[in-house]
Each structure stands twice: as C-alpha cells, then as structure tokens.
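Engineer:
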Amino acid sequence: WIMTTALLIYTATEYLMRKKMQEQKLTIPSPDHKVQLEKPSLMRLYQYIGNSGIVLQCNRSSGKVSVLGLPTEVKLVLVAMGDEWCRYYLKSYYQDKAF
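Given below as structure tokens:
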C-alpha cells in the first residue's frame with residue numbers, strides 16, 4: 814500500500830503541475846532543447862531543475878544568501894504551482910539558517 818500511495822501522490826502532483834502549466838501557457842525545453850514541452854512529466858521537470866546548475870551561495874561574514882542559476886522557465890512553473898513549491902528557491906528561506 815505504500816507504493817500505491819507514493820504513485821498516487823506522484824500522479825496527482827504531475828496532474829496538478831500539467832494543469833497549472835496549461836492554464837499559464839508555460840513550457841520547459843526537451844532534453845535536447847529542440848522543442849518546448851507543454852505537458853512534461855514530473856520526472857522531466859526534476860531533471861531540468863537538477864541539470865540547471867542552481868547554486869546556493871552563502872556568505873558567512875555578511876550573512877547574505879543568494880540563489881543563482883534558476884532558469885526563467887522553472888521560476889514561472891514554481892510561481893504557478895504556489896508558495897509551497899517556491900520555498901526552497903527563495904533566499905529568504907535561508908536567511909536565518911546557520912551554515
């Protein structure tokens with residue numbers, strides 16, 4: 814039943830992502846960057862984010878935190894999905910954390 818629950822959550826999340834992307838007319842590039850995908854799988858979005866070279870830069874002396882390298886397509890999808898999806902990509906989340 815655990816695997817069934819996990820697949821249900823994955824499928825529901827993928828459905829929600831595709832629905833939001835369709836409503837906002839958003840796309841992400843295919844792996845070869847030749848076409849734009851209007852209905853990517855959740856795994857494709859995960860791969861795209863993972864291969865984007867996103868960097869969390871923390872300066873201990875000044876306390877400044879920066880999130881660098883986030884592609885515009887990913888930003889738009891995260892905003893469309895809501896605040897919970899954006900949390901880890903905002904520098905404000907890391908401001909008060911000890912590194």
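Residue 912 is where the sequence shown ends in our numbering, and the numbering goes up by one at each step.
All C-beta atoms, glycine included, are put in the ideal place defined by N, C-alpha and C.
Is it a yes or a no for the segment 864-876 touching the segment 892-900, going by three-plus beta-carbon pairs under 8 Å?
Structural biologist: No: fewer than three Cβ pairs fall under 8 Å.
Engineer: Report buried or exposed for glutamate 836, applying the criterion of at least 16 other Cβ atoms within 10 angstroms of its Cβ.
Structural biologist: Exposed is the call here.
Engineer: Beta-carbon of threonine 826 versus every beta-carbon of chain B: anything under 8 Å?
Structural biologist: The chain labelled as chain B is not found in the depicted structure, where only one protein chain is given.
Engineer: Let me know if valine 848 comes out buried or exposed under the rule of 16 or more other beta-carbons within 10 Å of its beta-carbon.
Structural biologist: Per the 10 Å Cβ criterion, exposed.
Engineer: Which term fits tyrosine 861, buried or exposed, when burial requires 16 or more other beta carbons within 10 angstroms of its beta carbon?
Structural biologist: Tyrosine 861 comes out buried.
Engineer: Isoleucine 841: which of Lys832, Lys904, Leu889 sits nearest, CA to CA?
Structural biologist: Isoleucine 841 has its Cα closest to that of Leu889, out of Lys832, Lys904, Leu889.
Engineer: Does DSSP put serine 905 in a helix, in a strand, or in coil?
Structural biologist: Helix.
Engineer: Below 8 Å between beta carbons: does that hold for valine 878 and tyrosine 902?
Structural biologist: Result no, Cβ atoms of valine 878 and tyrosine 902 do not sit closer than 8 Å.
Engineer: Tell me which residue opens and which closes the beta strand (DSSP E) that leucine 881 is part of.
Structural biologist: Looking at the DSSP string, the run of the beta strand (DSSP E) that includes leucine 881 is 878-881.
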